[in-house]
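Visitor: Shown below is the structure under consideration.
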Amino acid sequence: MNPQFLTPLGTENSLTDAVYLLFERNQYVDDIFAVFNSKAISLYNFVAKLNNRFPTIKLEHNEQLPFLDVLVIRNCENKLEFDVYRKETANLRYIPNDSHHPFQHKMASFNFLIHRLLNFPLSKERFEHEKQLIKNIAKSNGYSRTLYNSTTFRRDTDNSKFTSLPYKPKFTRGLDTIFKNININLVYNCKNKLQTLLGNPKYKIDNNEKSGIYEISCKYCDQKYIGQTKRSILTRFKEHMAHLKYGRTEKSCVAQHAFDNNHRIDINNLQLIRNVTNSRQLDAFESLEIIKCNNSMNKDNGPIPTSPLFALINKQLRFSEPWQQIWYK
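Quick note: the sequence shown uses the numbering used here, first residue 769, plus one each step.
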């Protein structure tokens, strides 16, 4: 509890006794909704004491009080009704129909709006008003007004798994069916986000200090080694060089290549290919990068060498369309 609310029992500002005057109290994170017995004590005096300590408590206005996205209304019969609450800054702008986004992303907002409509205890009049508003939202964003009738909210009751891929229509269009056959649902992410344009004010870590998939190229030929590490790639590079220095070439493909061919490798040949912070993804990404590399020092195709998905990707790499080259960078 905030220390500003802690006062000795029996003092003038103590709120202990007031707790017993609450009819109902609900809390969601930092939002609290309470029904108070104003006959036993002046509600305004109670709120004034609270606001002297932490001025964020609000009373109902025009017999209405918002709580999250619910507007609680006290009618003329002193009974509670509910409506959808929107802030004054809310508008009808959602992802437009002609935007270059996955279809699932466009429908997500409407699925939410319709789900809320069907699950809030609205009166018939408020239900129809919200329904009409959803149709207007669809129309203003370039969708058909019949979207409401064709969109249904579905609760997933199975044990399907989900995986995410970058949204590249030409490449990912046929993958949905493939993944559904193995009980995996695809969701797509877009790389062109506002965050990437604004940048990050935080201190940037040097790539050599990051973990993930790295590449060590030879200075005298086009051979490359692909590896993975949970530590910094610089630490792993130093281990490869130590194996070469002390003649432990059987422990490192990099050391073996440099020793057998009398080639030179230094820190300038180290490169981070993919920053991976989730250790469970390292094996898959390492195998993928090894398969993509045509001149690899690696003795095998990595921890997952026989994945059907890798075979599909390897086949796609033989095409020369620019979008395929961009997707793998």
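We put the CB at the ideal spot given by N, CA and C, even for glycine. Keep in mind that this is a model prediction, so the values were computed, not measured.
#1: Kindly indicate which three-state DSSP category arginine 894 falls into: helix, strand or coil?
#2: Can you confirm whether methionine 1009, when its beta carbon is compared against all beta carbons of chain D, has any partner nearer than 8 Å?
#3: Is it right to say threonine 931 is buried, meaning 16 or more other beta carbons lie within 10 angstroms of its own, or is it exposed?
#4: Locate the alpha helix (DSSP H) running through glutamine 1039, then write down its first and last residues.
#5: From alanine 1052 to methionine 875, what does the alpha carbon distance come to, in whole angstroms?
#6: Can you tell me whether leucine 933 is helix, strand or coil according to DSSP?
#7: Please list the segments of the beta strand (DSSP E) lying wholly inside the segment 960-996, counting only runs of 3 or more residues, in order along the chain.
#8: Check arginine 1048 in the structure and name its three-state DSSP category.
#9: Among Tyr982, Asp1028 and Arg894, whose alpha-carbon lies nearest the alpha-carbon of glycine 1015?
#10: Quick one, which of Ile1072, Leu1038, Glu856 and Arg1032 has its alpha-carbon nearest glutamine 1049's?
#11: Would aspartate 1034 be called buried (16 or more neighbouring beta carbons within 10 Å of its own) or exposed?
#12: Quick one: Cα of lysine 978 to Cα of isoleucine 1001, how far?
#13: Please state whether the Cβ-Cβ distance between glutamate 898 and valine 852 is less than 8 Å.
#14: Specify the secondary structure class of aspartate 1034 as computed by DSSP and reduced to three states.
Guide: In short:
#1: By 1-based counting over the sequence shown, the position of residue 894 is 126. Arginine 894: helix per DSSP, three-state reduction.
#2: Among the protein chains of the structure shown there is no chain D, as only one such chain exists.
#3: Within the sequence shown, the letter at position 163 stands for residue 931. Answer is exposed; the Cβ neighbour count stays below 16.
#4: Reading the sequence shown from its first residue, position 271 is the one you call residue 1039. Looking at the DSSP string, glutamine 1039 is not in any alpha helix (DSSP H); the run it does join, the beta strand (DSSP E), is 1038-1043.
#5: Your numbering for residue 1052 matches position 284 in the sequence shown. Your numbering for residue 875 matches position 107 in the sequence shown. Distance between the alpha carbons of alanine 1052 and methionine 875: 31 Å.
#6: As a position in the sequence shown, residue 933 is number 165, starting the count at 1. Note: leucine 933 maps to strand in three-state DSSP.
#7: 980-985
#8: Within the sequence shown, residue 1048 is the residue found at index 280, counting from 1. Looking at arginine 1048 - three-state DSSP - the assignment turns out to be helix.
#9: Counting from 1 along the sequence shown, the entry for residue 1015 is found at position 247. When each option's Cα is compared against that of glycine 1015, the closest is Asp1028.
#10: Within the sequence shown, the letter at position 281 stands for residue 1049. Of the listed residues, the one whose Cα sits closest to glutamine 1049 is Ile1072.
#11: Counting from 1 along the sequence shown, the entry for residue 1034 is found at position 266. Aspartate 1034 should be labelled exposed.
#12: The sequence position of residue 978 within the sequence shown is 210, counting from 1. The sequence position of residue 1001 within the sequence shown is 233, counting from 1. So the two alpha carbons sit approximately 6 Å from each other.
#13: Counting from 1 along the sequence shown, the entry for residue 898 is found at position 130. Counting from 1 along the sequence shown, the entry for residue 852 is found at position 84. Yes, Cβ-Cβ distance for glutamate 898 and valine 852 is below 8 Å.
#14: For this step, residue 1034 is matched to residue 266 along the sequence shown. If DSSP states are grouped into helix, strand and coil, aspartate 1034 belongs with coil.
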